[in-house]
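These notes concern the structure reproduced below.
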Amino acid sequence: MFRTGLIIFTAILFFLQYPAYGESKGINRTKYRVNISETNTSINIDGILDEPVWLSADKAGHFRRVTPTDTGYAASQTEVMVTYTPTTLYLGIVCHDPTPGKRPVESLRRDFNFQKNDNFVVFIDTYDDQTNGFAFGVSAAGAQWDGSEANGAAVNLDWDIKWRSAVKNYENYWVAEFAIPFRSMRYNGGSPEWGINFSRNDLKTTEKSSWAPMPRQFTTSNLAYTGSLVWDKPLPKSGMRFSLIPYLSAKATQNVEAGGKIEPTANAGLDAKVILTTSMNLDLTINPDYSQVEVDRQRTNLDRFELFFPEKRQFYLENSDLFANLGTESIRPFFSRRIGLSTPVQAGARLSGKIGNNWRIGAMDIQTSEKDDISASNFTVATIQRKVFRRSNISAFLVNKQLTGNKSDAANNERMYNRVAGIEYNLASADNRWTGKALYHQSFYTGASADASALAGNLMYSNQHLTALINQSWVGADYIADAGYIRRKGYYEINPTLLYKFFPSSSRIVNHGPIFKLDLLTDPSFSLTDRETQLMYQVEWKNKNILQADIKETYIKLQAPFDPTNTGGIPLLKDEGFNWKEFGLAYTSDIRKPLNILLSSRYGGYFNGTRFTVSGDLFYRIQPYGSLAITTSYNKIDLPAPFSSAEFVLIGPRLDVTFTDKLFLTSLVQYNNQIDNFNINLRFQWRFAPVSDLYIVYTENTFPGDFTVKNRGLVLKISYWFN
């Protein structure tokens, strides 16, 4: 029954590609064109536009408002000039600032929070496919912001590349200069035009604006609404180029709890980027070290299922959407954080990029080594993607995990192999009002049954007032993805959401409106196991304050014994059903001010008892040299005897000091009584050359009661990017 429904659902997604039924043509790009001509002038990236080329370069201006309203021209106007040399794209930007006062910025930290900083960003659709591209920006303080774009709008800020920028501030305006090497981007050689848009965030006027008009329901990163960057002559295809990124590290660790001594070690490894063509690259890694990667923020886990944490390691980020966007949020056939989680990575290779105008490919192979009783494994994933219609695509993939070591698989109850193959269709209409996905996955392993498959489909419609979304999925009880993230198995789910916004003429309120969510899950026989109904109302003010209130009703029929406190107490029994209601309130203060907060609280039933939750985030900035953030959460669960009650406290102060735009110190302290742990993580970073760093990281875990040390470690790592 569900499979027939999915076929009908997929047919609807194809039907919505046709303009007469599902979409308009989007922006008229003939009105938003900026011409770019080659220059032989030497340009000094200093934030001072005194080179003669800036007087003759074509200019993009007349920025239009996106928020709080998407009508009319912005009060704080921006002018952008463009030129290039055979190796580099240059931008000169003038950001007019008629409103007196200090320009809000958080710090000099790279990849700042877009919403909390005065900033300028350029979004470049190098393939002119309105789907994939790159983003480069700066805050008014000069901090850089860069990322790769996928799915038409999603920017991955963990991606970093070599480029230069400079900012100069004046009383009524600020100026920025960009120098972006062509080797830092991927594109099809010979293209006469690229898609491009420029975005400006001005917090003092509470305006976000863009050069090519953008409907306010979308982010300014949306590539469906770019203008055109028109080249005076097509960029040529380039030959093979490569970069080497070697590292050296020294580490001293001590497992005090086990009575261990200090264990010093040294390590070395190499990453390499081989640019095969302007649109295809090969990433290689040998003996990688991830000790400098930012530590995960801890969370109180009261869920019945595994928590999800995002990938942050650089090797996995180039064209990461080809791999990471397979499946859905809760059905991921491939999740790169499974690699190197329990055993070290020996070596790996990733080939990714675009072939012609319509094809993209990705292939990755990673080998891990043995550790303790865990076997060495090989992880392979391959995907091919074909563009269809204007912005949609069809993908096919194969994921394989294979044990390759000498350890007995029976010792760890590991499968010798697990493979997942699938096909997916991704919908994105020309105006982005319709988006969606339909997929079919099949899992292969010894003993796999007919239930080792997954099917899912989702569809969303969005305009300025209404957003309507429906998700549905069916996951077989034997669907296994050892290299993926599968939240649960053996269920059918349907999850509709409706959101409506009113935009009053009030001088104080930007928008307000209701949000309705329903989530239904059944077992394979379609007997109800979970139901969650939530009604919210949200109000957003022009001064950036946000207030949200909601009421939620939950029903759960347990599919396995479960202790709601996750403390190992007496569990509730399988097949028991529980129904409860709870109320919630959340408030976000004016993010433009140096001190701002986010508070939320919930109270109501919880299985056969009650739960009270309060959480908060406090932010204070001393711009542009740093910020202090404190994240807290408190959960009080009361269950009747003989079941366990519990109180959970999580406190995480974070001090972020940016001495300059190249010298950083981050201090993160996390107290979590759920795991009886007090963690300190200190990370010093010196970016002594573009994307070349010296890291000193100290980590310590102690018992909260008497601060007895469990374990500690000190790491020094240096890496350098050779072109």
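Note that the working numbering has the sequence shown beginning at 32, numbered continuously upward. Cβ atoms here follow ideal geometry from the backbone N, Cα and C, with glycine treated the same way. Every value quoted in this text rests on a predicted model; they were computed, and no experiment measured them.
Can you give me the Cβ contacts of residue 236 inside the same chain, cut-off strictly under 7 Å, excluding the 5 residues immediately before and after it? What you label residue 236 is simply residue 205 of the sequence shown in a count that begins at 1. The residues are 106, 107, 130.
Report back the beta-carbon spacing between residue 674 and residue 601 to the nearest angstrom; my notes put them in contact at under 8 Å. Counting from 1 along the sequence shown, the entry for residue 674 is found at position 643. Counting from 1 along the sequence shown, the entry for residue 601 is found at position 570. That belief holds up - the Cβ atoms of residue 674 and residue 601 are roughly 5 Å apart, short of 8 Å.
Three-state secondary structure (DSSP) at residue 80? As a first step, residue 80 is located in the sequence shown; it is residue number 49 there, counting from the start. Of the three classes helix, strand and coil, the one that applies to residue 80 here is coil, per DSSP.
Fully enclosed by the region 568-638, which alpha helix (DSSP H) runs are 4 residues long or longer? Correct list: empty.
Taking all protein chains shown into account, do 16 or more other C-beta atoms lie within 10 angstroms of the C-beta of residue 208, making it buried, or fewer, making it exposed? Walking along the sequence shown from the start, residue 208 turns up at place 177. Around the Cβ of residue 208, a 10 Å sphere holds 16 or more other Cβ atoms; the residue is buried.
For residue 612 and residue 542, I'd like the C-alpha separation in whole angstroms. In the sequence shown, the residue the question calls residue 612 occupies position 581. In the sequence shown, the residue the question calls residue 542 occupies position 511. Cα to Cα, residue 612 sits roughly 28 Å from residue 542.
Using 8 Å as the Cβ pair cut-off and three pairs as the minimum, do the region 297-315 and the region 136-147 touch? No: the two stretches stay apart, fewer than three of their Cβ pairs being nearer than 8 Å.
Would you mind sorting residue 17 into buried or exposed? The rule is 16 or more other CB atoms within 10 Å of its CB. For residue 17 there is no data in the structure shown, the boundaries of the chain being 32 and 754.
Cutoff 7 Å; reference residue 439; Cβ partners in own chain excluding five residues on either side: The sequence position of residue 439 within the sequence shown is 408, counting from 1. Residue confidence is low: residue 439 scores 49 on pLDDT, short of 50, so the model does not pin down where it sits. Its coordinate-derived value is still stated next. Cβ contact annotation for residue 439 (same chain, cutoff 7 Å, sequence separation greater than five): none.
Residue 90 by DSSP, collapsed to three states: which one? For the purposes of this step, residue 90 is taken as the residue at position 59 of the sequence shown. Residue 90 carries a strand assignment under DSSP once its states are collapsed to helix, strand and coil.
Do residue 668 and residue 279 have their C-beta atoms within less than 8 Å of each other? Position 637 of the sequence shown, counted from the first residue, corresponds to residue 668. Position 248 of the sequence shown, counted from the first residue, corresponds to residue 279. Cβ distance not < 8 Å, so residue 668 and residue 279 don't count as in contact.
Terminal residues of the continuous beta strand (DSSP E) containing residue 534? Counted from its first residue, the sequence shown places residue 534 at position 503. In the DSSP assignment, residue 534 falls outside any beta strand (DSSP E) and carries neither an H nor an E.
With a CB to CB cut of under 6 Å and the five nearest residues on each side skipped, what residues in its chain are close to residue 549? Position 518 of the sequence shown, counting from 1, holds the residue named residue 549. Once the five neighbours on either side are set aside, the close Cβ partners of residue 549 are 527, 564.
Could you spell out where the alpha helix (DSSP H) holding residue 353 opens and where it closes? For the purposes of this step, residue 353 is identified with residue 322 of the sequence shown, where counting begins at 1. Per DSSP, residue 353 is one residue of the alpha helix (DSSP H) stretching across 352-355.
List the endpoints of the continuous beta strand (DSSP E) containing residue 194. As a working mapping, residue 194 is identified with position 163 in the sequence shown. Looking at the DSSP string, residue 194 is not in any beta strand (DSSP E), and its letter there is neither H nor E.
When you compare the region 581-593 with the region 677-692, are there three or more beta-carbon pairs, one atom per stretch, that lie closer than 8 Å? At 8 Å Cβ cutoff, the stretches do not touch.
In chain order, what residues of the same chain have a beta carbon less than 6 Å from the beta carbon of residue 317, not counting five sequence neighbours either side? Start at 1 with the first residue of the sequence shown, and residue 317 comes out as number 286. If we look at residue 317 and ignore the five residues flanking it on each side, its Cβ neighbours are 300, 301, 378.
Can the beta-carbon of residue 14 be found closer than 8 Å to that of residue 363? Residue 14 is absent from the structure shown; the chain starts at 32 and stops at 754.
Among 170, 403, 347, which one has its Cα closest to the Cα of residue 770? What the structure shows of the chain is the stretch from 32 to 754, and residue 770 is not part of that stretch, so it cannot be assessed.
Kindly list the residues whose CB is nearer than 6 Å to the CB of residue 756, restricted to its own chain and excluding five residues on each side of it in sequence; keep chain order. The structure shown has nothing for residue 756, since the chain only spans 32 to 754.
For residue 468, count neighbouring Cβ atoms within 10 angstroms of its own Cβ and tell me buried if that reaches 16, exposed if not. Locating residue 468 in the sequence shown gives position 437, where the first residue counts as 1. Around the beta carbon of residue 468, a 10 Å sphere encloses 16 or more other beta carbons of the protein chains shown; the residue is thus reported as buried.
On the DSSP bridge assignment, give the partners of residue 660 in chain order. Along the sequence shown, one-based indexing puts residue 660 at 629. DSSP lists 650, 685 as partners of residue 660.
Apply the 10 Å Cβ neighbour rule to residue 738 and answer buried if 16 or more other Cβ atoms are within range, or exposed otherwise. Here residue 738 refers to the residue found at position 707 when the sequence shown is read from its first residue. Residue 738 is classed as exposed because its beta carbon has fewer than 16 other beta carbons within 10 Å across all chains shown.
Hey, does residue 299 have any beta-carbon neighbour from chain B nearer than 8 Å? Considering every chain present, this structure includes no chain B. It has just one protein chain.
The region 591-605 in contact with the region 546-560 per 3-pair CB rule at 8 Å: Taking a contact to require three or more Cβ pairs closer than 8 Å, the region 591-605 and the region 546-560 do not qualify as touching.
Reducing DSSP to helix, strand and coil, say where residue 272 ends up. Within the sequence shown, the letter at position 241 stands for residue 272. DSSP places residue 272 in strand when its eight states are reduced to three.
Segment contact, 8 Å Cβ cut-off, at least three pairs: the region 89-108 with the region 186-197: The region 89-108 vs the region 186-197: no contact.
Please go through the same chain and pick out, in chain order, the residues whose beta-carbon is closer than 7 Å to the beta-carbon of residue 93, but skip the five residues on each side of it. Along the sequence shown, read from residue 1 onward, the residue named residue 93 stands at position 62. So the list reads 104, once near-sequence residues are dropped.
Classify residue 146 as helix, strand or coil using the three-state DSSP reduction. Numbered from 1 along the sequence shown, position 115 holds the residue referred to as residue 146. Here residue 146 carries a helix assignment [DSSP, helix/strand/coil].
Output needed for residue 619: all residues of its chain with C-beta closer than 6 Å, excluding positions within five of it in sequence on either side, in chain order. Numbered from its first residue, the sequence shown carries residue 619 at position 588. Result list for residue 619: 577, 629, in chain order.
Among 164, 118, 688, 729, whose alpha-carbon lies nearest the alpha-carbon of residue 712? Walking along the sequence shown from the start, residue 712 turns up at place 681. Closest option to residue 712, Cα to Cα, is 729.
Secondary structure at residue 310, three-state DSSP: helix, strand or coil? For the purposes of this step, residue 310 is identified with residue 279 of the sequence shown, where counting begins at 1. Here residue 310 sits in coil by DSSP.
Relative to the C-alpha of residue 147, which candidate in 529, 399, 621 has its C-alpha closest? Numbered from 1 along the sequence shown, position 116 holds the residue referred to as residue 147. Of the candidates 529, 399, 621, the one whose C-alpha sits nearest the C-alpha of residue 147 is 621.
When you compare the CB positions of residue 646 and residue 658, do they come within less than 8 Å of one another, or not? Here residue 646 corresponds to residue number 615 of the sequence shown, with the count starting at 1. Here residue 658 corresponds to residue number 627 of the sequence shown, with the count starting at 1. Going by beta carbons, residue 646 and residue 658 fall outside the 8 Å limit.
Just list the alpha helix (DSSP H) runs in the region 178-259, keeping only unbroken ones of 4 residues or longer that don't cross its boundaries, in chain order. As for any alpha helix (DSSP H) of minimum length 4 sitting wholly inside the region 178-259, there is none.
Exposure label - residue 552; buried when at least 16 CB within 10 Å: Position 521 of the sequence shown, counted from the start, is the residue given in the question as residue 552. Classification for residue 552: buried.
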